[in-house]
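See below:
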């Protein structure tokens with residue numbers, strides 16, 4: 001498992017936050033935080049590619065990824 005910060009510029013409101021949270025939970029992710037203010041998702045995961053793909057599927061493309 002590694003910790004990542006994903007920049008997701010299309011996050012704009014709490015509805016976005018709820019939609020992203022639901023999508024991540026659907027693929028088994030539990031340890032994450034979605035920030036509307038900072039337009040980012042911080043997540044501990046063993047499969048970052050799966051996370052990025054899921055976000056793209058729900059129309060929230062990731063602009064950049066940073067490993068912490």
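Numbering (the working numbering), first residue to last: 1 to 68. All residues carry an ideal CB built from backbone N, CA and C; glycine is no exception.
Cut-off 7 Å between Cβ atoms - residues of its own chain near residue i, not counting five sequence neighbours on either side
{"i": "residue 21", "result": "34"}
Residues bridged to residue i (per DSSP)
{"i": "residue 2", "result": "45"}
Sequence-distant residues of the same chain with beta carbon closer than 6 Å to residue i, five excluded per side
{"i": "residue 44", "result": "1, 3, 31"}
{"i": "residue 24", "result": "32"}
*Go through the stretch 4-52 residue by residue and report every complete run of the alpha helix (DSSP H) that reaches 4 residues or more, in order.*
Runs found: 14-26.
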